[in-house]
Amino acid sequence: MAKISKVLEVNNCNNEALFQALYKAEFWEEINPAKKMEAEFTAPNVLHTKVYDEIDLIKIPIEMEGELVLSDKGEEAGKGRLIEFNVRNNENIRELEGRLRIKSLSPTKSKLGVFIETFTLSSEFLNLLGGGADLVLQRKISEMLRNIERVCKTKDLQDFL
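Going letter by letter, the sequence shown gives residues -10 to 150 in our numbering.
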(Lines of atoms letter the chains of each structure in order from A and count residues from 1; the text may use other names and numbers.)
(Lines give C-alpha, C1' and ligand atoms only; values in the text may rest on other atoms or scores of the structure.)
Protein backbone atom coordinates (compact mmCIF):
# COMPACT_ATOMS: atom_id res chain seq x y z
CA MET A 1 0.00 0.00 0.00
CA ALA A 2 1.24 3.47 -0.84
CA LYS A 3 2.41 5.74 1.94
CA ILE A 4 0.92 8.77 0.14
CA SER A 5 -1.72 8.62 -2.61
CA LYS A 6 -3.11 11.55 -4.59
CA VAL A 7 -5.43 11.19 -7.58
CA LEU A 8 -6.95 13.90 -9.76
CA GLU A 9 -9.10 13.96 -12.89
CA VAL A 10 -7.88 16.69 -15.24
CA ASN A 11 -9.98 18.24 -18.03
CA ASN A 12 -8.43 19.54 -21.25
CA CYS A 13 -5.60 17.03 -20.74
CA ASN A 14 -4.72 14.40 -23.32
CA ASN A 15 -2.95 11.50 -21.60
CA GLU A 16 -0.36 11.04 -24.37
CA ALA A 17 0.53 14.77 -24.42
CA LEU A 18 0.82 14.73 -20.61
CA PHE A 19 3.09 11.68 -20.76
CA GLN A 20 5.35 13.40 -23.31
CA ALA A 21 5.38 16.65 -21.30
CA LEU A 22 6.74 14.74 -18.28
CA TYR A 23 9.98 14.37 -20.21
CA LYS A 24 10.37 18.15 -20.75
CA ALA A 25 12.19 20.26 -18.14
CA GLU A 26 10.04 23.33 -18.94
CA PHE A 27 6.92 21.40 -17.93
CA TRP A 28 8.44 20.51 -14.54
CA GLU A 29 9.45 24.14 -13.98
CA GLU A 30 5.87 25.19 -14.76
CA ILE A 31 4.15 22.69 -12.42
CA ASN A 32 6.76 22.96 -9.68
CA PRO A 33 5.20 23.64 -6.26
CA ALA A 34 8.39 25.14 -4.77
CA LYS A 35 9.31 28.82 -4.72
CA LYS A 36 11.94 28.30 -7.44
CA MET A 37 13.24 25.36 -9.44
CA GLU A 38 15.86 24.95 -12.14
CA ALA A 39 15.47 21.76 -14.16
CA GLU A 40 17.21 19.98 -17.01
CA PHE A 41 17.18 16.46 -18.39
CA THR A 42 20.71 15.05 -18.17
CA ALA A 43 19.55 11.80 -19.80
CA PRO A 44 16.28 10.98 -21.56
CA ASN A 45 14.70 9.82 -18.28
CA VAL A 46 16.79 11.67 -15.64
CA LEU A 47 15.60 15.10 -14.50
CA HIS A 48 18.28 17.04 -12.60
CA THR A 49 16.79 19.77 -10.41
CA LYS A 50 17.83 22.51 -8.04
CA VAL A 51 14.97 23.47 -5.75
CA TYR A 52 14.70 26.51 -3.51
CA ASP A 53 11.77 26.50 -1.14
CA GLU A 54 10.57 27.17 2.37
CA ILE A 55 8.76 24.84 4.74
CA ASP A 56 5.55 26.74 5.45
CA LEU A 57 5.00 25.17 8.84
CA ILE A 58 8.19 26.60 10.34
CA LYS A 59 9.46 29.12 7.73
CA ILE A 60 12.80 27.39 7.16
CA PRO A 61 14.49 27.89 3.78
CA ILE A 62 15.42 24.69 1.97
CA GLU A 63 17.81 24.16 -0.92
CA MET A 64 17.89 20.75 -2.57
CA GLU A 65 19.65 19.36 -5.59
CA GLY A 66 19.16 15.91 -7.02
CA GLU A 67 17.80 13.75 -9.77
CA LEU A 68 14.37 12.33 -10.47
CA VAL A 69 14.61 9.09 -12.47
CA LEU A 70 11.51 8.18 -14.50
CA SER A 71 11.02 4.59 -15.67
CA ASP A 72 8.17 4.05 -18.15
CA LYS A 73 6.57 0.65 -17.56
CA GLY A 74 4.07 1.03 -20.39
CA GLU A 75 0.31 0.87 -20.70
CA GLU A 76 -1.65 -1.56 -18.55
CA ALA A 77 -5.14 -2.49 -19.79
CA GLY A 78 -7.82 -0.69 -17.78
CA LYS A 79 -5.29 1.05 -15.55
CA GLY A 80 -3.41 3.43 -17.85
CA ARG A 81 0.28 4.12 -18.27
CA LEU A 82 2.59 3.40 -15.35
CA ILE A 83 5.76 5.38 -14.66
CA GLU A 84 7.89 4.38 -11.69
CA PHE A 85 10.17 7.03 -10.22
CA ASN A 86 12.85 7.51 -7.61
CA VAL A 87 15.05 10.30 -6.33
CA ARG A 88 18.83 9.88 -6.30
CA ASN A 89 21.92 12.00 -5.64
CA ASN A 90 20.05 14.21 -3.17
CA GLU A 91 21.81 14.84 0.14
CA ASN A 92 18.52 15.68 1.91
CA ILE A 93 16.44 12.74 0.69
CA ARG A 94 17.85 9.32 1.43
CA GLU A 95 15.04 7.52 -0.38
CA LEU A 96 11.93 8.50 -2.32
CA GLU A 97 10.25 5.95 -4.56
CA GLY A 98 6.83 5.90 -6.10
CA ARG A 99 4.60 5.51 -9.10
CA LEU A 100 2.80 7.87 -11.42
CA ARG A 101 -0.19 6.60 -13.36
CA ILE A 102 -1.89 8.38 -16.26
CA LYS A 103 -5.19 6.99 -17.52
CA SER A 104 -7.21 8.34 -20.42
CA LEU A 105 -10.86 8.97 -19.54
CA SER A 106 -11.57 10.61 -22.91
CA PRO A 107 -9.45 12.26 -25.62
CA THR A 108 -9.44 15.46 -23.53
CA LYS A 109 -9.67 14.14 -19.97
CA SER A 110 -7.13 12.15 -17.97
CA LYS A 111 -6.88 10.69 -14.51
CA LEU A 112 -3.51 11.26 -12.88
CA GLY A 113 -2.34 9.44 -9.77
CA VAL A 114 0.81 9.91 -7.69
CA PHE A 115 1.66 7.16 -5.22
CA ILE A 116 4.65 7.46 -2.88
CA GLU A 117 5.85 4.09 -1.57
CA THR A 118 8.99 5.08 0.33
CA PHE A 119 10.06 8.46 1.72
CA THR A 120 13.08 8.81 4.02
CA LEU A 121 14.98 12.01 4.74
CA SER A 122 18.70 11.97 5.44
CA SER A 123 18.95 15.29 7.22
CA GLU A 124 18.73 14.74 10.96
CA PHE A 125 17.07 18.12 11.35
CA LEU A 126 14.35 17.31 8.82
CA ASN A 127 13.85 13.90 10.43
CA LEU A 128 12.91 15.76 13.60
CA LEU A 129 9.78 16.84 11.74
CA GLY A 130 8.71 13.19 11.70
CA GLY A 131 5.16 13.01 10.36
CA GLY A 132 5.45 16.70 9.52
CA ALA A 133 7.81 15.80 6.67
CA ASP A 134 5.14 13.49 5.22
CA LEU A 135 2.61 16.31 5.54
CA VAL A 136 4.92 18.71 3.68
CA LEU A 137 5.39 16.14 0.88
CA GLN A 138 1.62 15.54 0.68
CA ARG A 139 0.98 19.28 0.37
CA LYS A 140 3.65 19.66 -2.34
CA ILE A 141 2.19 16.77 -4.35
CA SER A 142 -1.31 18.29 -4.03
CA GLU A 143 0.04 21.67 -5.19
CA MET A 144 1.83 20.03 -8.12
CA LEU A 145 -1.38 18.28 -9.20
CA ARG A 146 -3.32 21.55 -8.95
CA ASN A 147 -0.59 23.20 -11.03
CA ILE A 148 -0.99 20.49 -13.69
CA GLU A 149 -4.73 21.15 -13.68
CA ARG A 150 -4.09 24.91 -14.04
CA VAL A 151 -1.61 24.38 -16.89
CA CYS A 152 -4.10 22.15 -18.72
CA LYS A 153 -6.82 24.82 -18.34
CA THR A 154 -4.69 27.77 -19.44
CA LYS A 155 -2.15 26.31 -21.88
CA ASP A 156 -1.82 23.65 -24.52
CA LEU A 157 0.42 20.76 -23.44
CA GLN A 158 1.70 20.71 -27.02
CA ASP A 159 3.52 23.97 -26.19
CA PHE A 160 5.91 21.93 -24.02
CA LEU A 161 6.61 19.30 -26.68
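All C-beta atoms in this analysis are idealised placements derived from N, C-alpha and C, irrespective of residue type, glycine included.
By how many angstroms is the C-alpha of Leu36 removed from the C-alpha of Ile20? 14 Å
Ser111 to Asp145 span [Cα, whole Å]: 38 Å
Cross-strand partners of Ser107 (DSSP beta bridge): A quick correction: the sequence has Thr, not Ser, at residue 107. According to DSSP, Thr107 bridges with Glu86.
Near Val40, what residues of its chain come up, given a Cβ to Cβ distance below 6 Å and the 5 sequence neighbours on each side ignored? Ala23, Met26 and Met53
What are the boundary residues of the beta strand (DSSP E) that Leu57 is part of? Ile49 to Glu65
Locate the beta strand (DSSP E) running through Glu80, then write down its first and last residues. Where Glu80 is concerned, there is no enclosing beta strand (DSSP E), given that its DSSP letter is neither H nor E.
Which residue from Cys2, Leu71 and Leu150 puts its Cα closest to that of Asn136? Cys2
Inter-residue Cα distance where the pair is Arg88 and Ala28: 20 Å
Three-state class that DSSP yields for Lys142 in the structure shown: helix
If distances are taken between C-alpha atoms only, which option among Gln9, Leu94, Ile(-7) and Pro96 comes closest to Pro33? Gln9
Give the straight-line distance between the Cα atoms of Glu15 and Lys(-8), rounded to the nearest whole angstrom. 28 Å
For Ala10, which of helix, strand or coil comes out of DSSP? helix
Take the Cβ of Met76 as the centre, count every other Cβ of all protein chains shown within 10 Å, and call the residue buried at 16 or more, exposed below. In the sequence as displayed, the identity of residue 76 is Val instead of Met. Per the 10 Å Cβ criterion, buried.
Trp17 versus Val140 - alpha carbon distance: 11 Å
Got a sec: does the ligand ATP put a non-hydrogen atom nearer than 7 Å to the Cβ of Lys48? Ligands in the displayed structure: none, and consequently the ligand ATP is not present.
Report the rounded CA-to-CA distance for Val103 versus Glu65, giving the unit in angstroms. 16 Å
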